[in-house]
Structure formats: C-alpha cells, structure tokens
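Note sheet for the following structure.
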Ligand code: GAP
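In the working numbering, the protein residues as written are 13 to 443.
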C-alpha cells in the first residue's frame with residue numbers, strides 16, 4: 013500500500029520514524045531524520061518568506077511551549093477544547109490539553125500549548141508598542157503545539173506533538189486593506205467548484221488571503237491544482253473561536269481523499285476580548301480583530317510526500333521540486349579507481365556551497381541512482397573516464413532518467429537552470 017511504502021522509505025532513508033522505537037514508540041510522536049529535517053526547514057523558510065512578505069508590519073516571534081492555566085481559562089480552551097470520548101457506554105468530553113504540575117510542590121498548573129496562536133495574543137501589547145502602534149500588525153510563530161489526541165494512529169497525520177506555522181493578523185475590525193484588484197478575477201478552488209474571487213460572498217480581506225494561500229500551494233510548492241481545495245466549515249464544524257472558517261485541504265491517496273492541512277480563521281475580536289487586550293487606536297478604544305492563517309507543518313510534509321510519490325516498475329521516486337527536495341544535487345564517481353573519485357570529490361566540493369548536495373560512492377551507479385530517486389534528489393552528476401579527458405560530466409534528470417554531458421566550467425549555471433525547471437533536452441544533447 014502507498015502509505016506503507018512511503019512510511020518505509022521515510023524510515024529507511026531518514027525522513028522520519030516513530031520516536032524511541034527501541035523503547036516501543038508511543039503513537040503520535042515522531043523523530044525527523046536528517047532528510048526530513050532539511051525538508052521541514054525548507055517548507056518553513058518558504059512559508060516565512062512568503063507570508064511575512066504580505067505586509068511590512070508582519071514579523072515572527074518565538075515563545076515558550078508551556079503557558080499558565082489563566083491563558084487557557086481566558087482563551088476558552090479549558091472549557092471548549094475537547095473531543096468526545098466513549099467509555100463504558102457513556103460519552104464524555106475529553107480535554108485535549110496536556111497539563112503539567114509545575115514548581116517543587118507541583119501545585120502550579122500549566123499547559124503545553126495546544127496551538128501556537130495563544131502566544132502572539134498574550135504578547136500582543138508588547139509588540140504593538142515595540143512596532144510603533146500600527147495596524148494591521150502580524151505576528152507569526154513556527155513552533156510546537158501539543159494535543160493529547162484520543163486516536164493518533166493515522167501514521168504521520170494525527171500527532172500528539174507537532175509543528176504549526178501560524179500567522180496572526182491583528183487589525184481594526186472595520187478595516188483590513190488589501191489589494192483586492194490584484195486577485196479579483198483569480199479563481200479559487202472551493203469544494204468541487206472554481207469560483208472567481210469577486211464572486212465569493214465573504215469579506216474582501218478574507219477572500220484575498222484565500223487567494224494568497226492557494227497561490228502558495230500551486231505556484232510555490234507546485235501542487236497540481238486538482239489536489240488542492242478549500243472547504244467551508246458550517247456552524248457545527250467550525251472551531252469555537254471562528255466566525256468564518258475554511259479548511260485548506262490536499263488530496264492524498266494515503267488518506268483516501270481530501271484532508272485538512274491548515275485553515276484560514278476569522279476569529280473576530282474573540283481572543284483579544286478574552287485576554288482583555290484593548291488598545292487606543294485612531295482615537296478610539298478597540299479590541300483588535302484577528303485573521304489567522306494556520307498550517308500544520310508535519311501534515312504539509314506528509315501531503316507533499318503523498319502527492320509527489322511515484323512508483324515505477326523498477327524504482328520509486330519523489331517528484332519534488334527544488335524548493336522542497338531535501339537533496340538537490342548528488343555527485344558520484346562511475347567507478348572507484350583511476351583518479352575518478354578524486355575528480356568527483358573536487359566537483360562535489362565546488363558545488364556543495366550552492367546547492368543541497370550529497371556525495372556517494374558506495375555501490376554500483378545503478379544503485380546510487382535508485383537511492384537518490386527514492387529521496388527525490390533532482391539532479392545527479394556522474395564523473396567517468398571521459399570526464400578526465402574532456403573536463404565534463406553527465407547530468408541525469410531524476411524524472412525522465414535522460415542524461416546530457418555538461419562542461420565542468422558550465423556546471424553551476426546549467427544546474428541552476430535545470431533546478432529552475434528548464435527541460436534537460438534544452439540544456440544539451442541527450443546521450
Ligand atoms: N490556531 C488554530 C488551530 O490550531 P486547528 O485547526 O486546530 O487550528 C491547525 O489546527 C492545523 O494544525 C490543522 O489544520 C493541522 O494542519 C494541524 N494540526 C492540528 N492537530 C494536529 C495533530 N494532532 N497532528 C498534526 N497536525 C495537527
């Protein structure tokens with residue numbers, strides 16, 4: 013099954029695996045291996061560079077993971093953040109937060125945060141002052157969240173400790189200016205329809221952010237459009253703090269269809285009122301409203317692996333683009349003799365600072381190619397006898413397995429073009 017195949021590669025190659033397997037890993041806790049960590053950082057950097065650039069007054073902050081009970085009393089989580097749990101024929105509400113007893117007597121109750129969002133809310137006034145009292149103001153956190161999920165057995169999808177990337181946009185409730193003209197004719201994928209932004213009956217600022225989110229998935233991550241959609245949640249489904257709530261969903265074979273990987277939440281002044289965060293703004297006292305862009309990083313990683321996984325007769329591969337692939341370039345000697353490894357090492361050294369690179373010389377060339385295909389490495393460079401005579405190498409395209417010869421003096425330039433998506437056929441004569 014596809015899910016097992018991906019989990020198997022993830023574990024064998026160092027993307028991720030259950031944490032503490034030697035002690036009988038607990039479900040819902042995972043370790044990122046060396047490749048998964050690179051991929052996760054790449055996703056987080058893309059997210060950061062894209063969403064924080066939406067406005068000059070959006071910044072990232074960092075907070076502790078353990079917050080006091082008062083935060084969650086006021087946020088509503090102590091009362092509302094639960095799932096139904098059936099025991100002895102009775103259904104009870106089970107609160108999903110992990111509580112901690114803090115202090116030498118253990119008499120201070122604190123909680124691992126169940127969403128990063130509360131951290132920017134309670135830091136709002138400090139940052140509002142530090143950022144010269146301007147709205148809109150955005151505070152993002154990429155950090156851990158913790159939930160004592162009742163049933164975390166869905167592989168790498170429902171975790172008990174996970175990473176969220178969330179941007180909280182604070183604004184004067186009557187006014188969040190956006191450049192609507194830029195997206196008014198852009199078509200959003202909502203459930204099974206495509207609808208122009210100007211025809212969607214939600215506030216303009218809300219629709220604008222739906223468009224920006226869709227563009228992030230289609231244009232940056234390269235998700236095929238039929239695998240992405242929004243879904244509007246009705247009153248029974250939406251989170252207790254939301255007025256408008258659309259989930260972002262990716263279509264994953266491993267999970268039998270579209271599954272939530274994030275959400276766009278119009279939380280109104282719910283949170284700022286709960287935390288008693290009024291400010292004087294524009295000559296009046298207001299509780300800022302919050303628009304929240306919320307993404308589960310781990311779920312996005314799983315989504316990318318599901319969508320880009322491909323099984324062929326003789327190999328498995330991930331069709332990652334360079335923005336998310338953990339290794340962009342691999343360098344191999346064709347054989348381990350005749351000064352070929354020395355030349356290959358020299359080439360590796362010359363490119364490793366510019367690309368995410370891997371050097372391998374263990375096993376036959378066929379096996380080395382397969383191993384790199386299996387982790388989604390985009391470009392493979394092989395050094396052979398001809399390389400010593402002609403100062404050139406072969407460049408192999410992961411997807412088509414086609415190869416060209418490239419002069420070493422032009423290697424970096426060619427790799428850059430290739431990784432930007434130029435077809436290998438346009439970069440040289442196929443061999
Ligand atoms: N601050 C809003 C918030 O936390 P949410 O819908 O509860 O909203 C946001 O969570 C995102 O966090 C989800 O869309 C999902 O991607 C991720 N997430 C939530 N629970 C998760 C879990 N148990 N394991 C992995 N990711 C999870």
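Think of the CB as a built atom: it goes at the ideal place given N, C-alpha and C, for glycine as much as any other residue.
Assigned exposure category for residue i - 16 Cβ within 10 Å defines buried
| i | result |
| --- | --- |
| residue 141 | exposed |
| residue 35 | exposed |
| residue 165 | exposed |
| residue 426 | buried |
| residue 375 | exposed |
| residue 252 | exposed |
| residue 76 | exposed |
| residue 80 | exposed |
| residue 247 | exposed |
| residue 154 | buried |
| residue 211 | exposed |
| residue 464 | Beyond the ends of the chain as shown, which are 13 and 443, falls residue 464; an answer cannot be given. |
| residue 103 | exposed |
| residue 227 | exposed |
Backbone secondary structure at residue i - three-state DSSP
| i | result |
| --- | --- |
| residue 311 | helix |
| residue 195 | coil |
| residue 94 | strand |
| residue 146 | coil |
| residue 367 | coil |
| residue 299 | coil |
| residue 106 | strand |
| residue 324 | coil |
| residue 72 | strand |
| residue 80 | strand |
| residue 443 | coil |
| residue 408 | strand |
| residue 378 | helix |
| residue 306 | strand |
| residue 394 | strand |
| residue 413 | coil |
| residue 13 | coil |
| residue 9 | Only positions 13 to 443 of the chain appear in this structure, which leaves residue 9 out of reach. |
| Fully enclosed by the stretch 152-220, which beta strand (DSSP E) runs are 3 residues long or longer? | 173-183, 199-202, 205-208
| field | Three CB pairs or more closer than 8 Å across the stretch 173-184 and the stretch 123-139 | value | yes
| query | If you scan the stretch 16-61 from start to end, which runs of the alpha helix (DSSP H) of 4 or more residues do you find wholly inside it? | reply | none
| Whole runs of the alpha helix (DSSP H) within the stretch 222-292, excluding any shorter than 4 residues | 282-286
| Going along the chain, which unbroken runs of the beta strand (DSSP E) with 3 or more residues stay wholly within the stretch 326-362? | 328-330, 341-345
| field | Given 8 Å, three or more beta-carbon pairs between the stretch 277-290 and the stretch 300-309 | value | yes
| said: Count Cβ pairs between the stretch 351-369 and the stretch 258-275 that sit closer than 8 Å; are there 3 or more? | reply: no
| request: Report yes or no: do three or more beta-carbon pairs, one from the stretch 133-153 and one from the stretch 309-318, lie closer than 8 Å? | output: no
| query | Do the stretch 183-193 and the stretch 205-223 touch if we need at least three Cβ pairs shorter than 8 Å? | reply | yes
| Does the stretch 333-341 come within contact of the stretch 390-399, defined as at least 3 CB pairs closer than 8 Å? | yes
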